[in-house]
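Number 137 in my numbering belongs to position 127 of the sequence shown; there are no gaps in the numbering.
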Amino acid sequence: MYGSIEAGGTKFVCAVANEELEILERVSFPTTIPEETMGLVIAFFQKYAAELKGIGIGSFGPIDIHRDSPTYGFITSTPKIPWQNFDFVGSMKKAFSLPIAWTTDVNAAAYGEYVFGKGQGLSSVVYYTIGTGVGGGALQNGQFVEGFSHPEMGHMMVVPHPDDSFKGSCPFHGNCLEGMAAGPAVEKRNGKKGQDIPETDPFWEMEAYYIAQCAYNTTLMLSPDVIIFGGGVMKQRHMVEKVHQAFTKLINGYVKTPPLADYIVTPELEDNAGTLGCLALAKEAKLHS
Ligand code: ADP
Ligand code: ZN
11 MYGSIEAGGT KFVCAVANEE LEILERVSFP TTIPEETMGL VIAFFQKYAA
61 ELKGIGIGSF GPIDIHRDSP TYGFITSTPK IPWQNFDFVG SMKKAFSLPI
111 AWTTDVNAAA YGEYVFGKGQ GLSSVVYYTI GTGVGGGALQ NGQFVEGFSH
161 PEMGHMMVVP HPDDSFKGSC PFHGNCLEGM AAGPAVEKRN GKKGQDIPET
211 DPFWEMEAYY IAQCAYNTTL MLSPDVIIFG GGVMKQRHMV EKVHQAFTKL
261 INGYVKTPPL ADYIVTPELE DNAGTLGCLA LAKEAKLHS
């Protein structure tokens, strides 16, 4: 069996799966303080301790992914104070002597789509989540793109829409993509949550303009095979078409991408991408241990 932990800012989703990565049990715990949440996580996996061969973790961050770093496996400078400098991998290793795969929540979702979803059979896959925040992860030939740390593509700068007076809600950058296009920015501008804004509201054109800038930047930097946009805000299914239109204007014929219907897409796995990605990474970790 393999285990997965999708560690999000509001909840932790844990699951176990068989060798074929079919999910056998899945549970969810609120993200409170490490002592409490991790107690529940560890108790959940203890039931399966005898059968588990590896655990994959996709965590909110920033996280330390450098194996030679003294703080490898830690959540680092998160604004969630109780989780700052929390030794996530270490606390799992203490409870279970198993191979542990460790990456960001969005990398895990990217991996899920790469193995089982819209990235299957492709070599370069980029995944963004447009939710409470904006996060991005990229895979090149099955490896995560990273350097001194994991990418933070959700904070790329975007050009404000000419009709947008909103200054952006990112405390670090103001009008970065997250500051302009994540769920909380949608809510601040409109006085209501994205799920309560009708499809016909002209605001969605503005939202699409920002997401299209993200696709534009991603295209020019990585020329990937596919760009997948998931997360709560993309549950507005009309958005992807609006993003295609805005992207076509922005790119202005400069590069010839794959057909947009296959190139800028929503996730195939919906909300399962993260869990399936963690499970696939757990299986990989076992192979390489
Ligand atoms: P998280 O990012 O916390 O993991 P989500 O990806 O579900 O969770 O994102 C939550 C955000 O998405 C909230 O700001 C919420 O208002 C927004 N959201 C959720 N559903 C929709 C929807 N159908 N349309 C637009 N926005 C939505
Ligand atoms: Zn930012």
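Glycine residues also receive a C-beta, built at the ideal position from the N, C-alpha and C atoms.
Sorting M166, E162 and L108 by C-alpha distance to the C-alpha of K296 places L108 at the top. Relative to the Cα of Y58, the nearest Cα in the group A27, P40 and T81 belongs to A27. The count of Cβ pairs closer than 8 Å, one atom from the region 240 to 260 and one from the region 83 to 90, stays below three, leaving the stretches out of contact. The bridge partners DSSP lists for Y137 are G147 and I238. P40 has K21 as its beta-bridge partners, per DSSP.
The alpha carbon of I261 has as its nearest neighbour, out of G141, L230 and I73, the alpha carbon of L230. Listed in chain order, the non-local C-beta contacts of E61 below 7 Å within the same chain comprise M11, local neighbours out to five positions each way being set aside. For A195, the secondary structure class from DSSP, reduced to helix, strand or coil, is helix. Relative to the ligand ADP, T142 has its C-beta within less than 6 Å of a heavy atom. Cβ neighbours of Y219 within its own chain (closer than 8 Å, five residues either side excluded): H171 and A256. Residue pairing from DSSP leaves F126 without any beta-bridge partner. L34 sits in a strand when the DSSP states are folded into three classes. Chain-ordered, the residues whose CB falls short of 7 Å from any heavy atom of the ligand ZN come out as H165, C180, F182, H183, C186, E188 and G189. The ligand ADP has a heavy atom closer than 6 Å to the beta-carbon of V243.
Cα atoms of E197 and V51: separation of roughly 32 Å, rounded to the nearest angstrom. Exclusion of G287 from the 6 Å shell around the ligand ADP follows from its C-beta lying no nearer than that to any non-hydrogen atom of the ligand. In the DSSP annotation of this structure, the continuous segment of the beta strand (DSSP E) that includes I110 starts and ends at I110 to T114.
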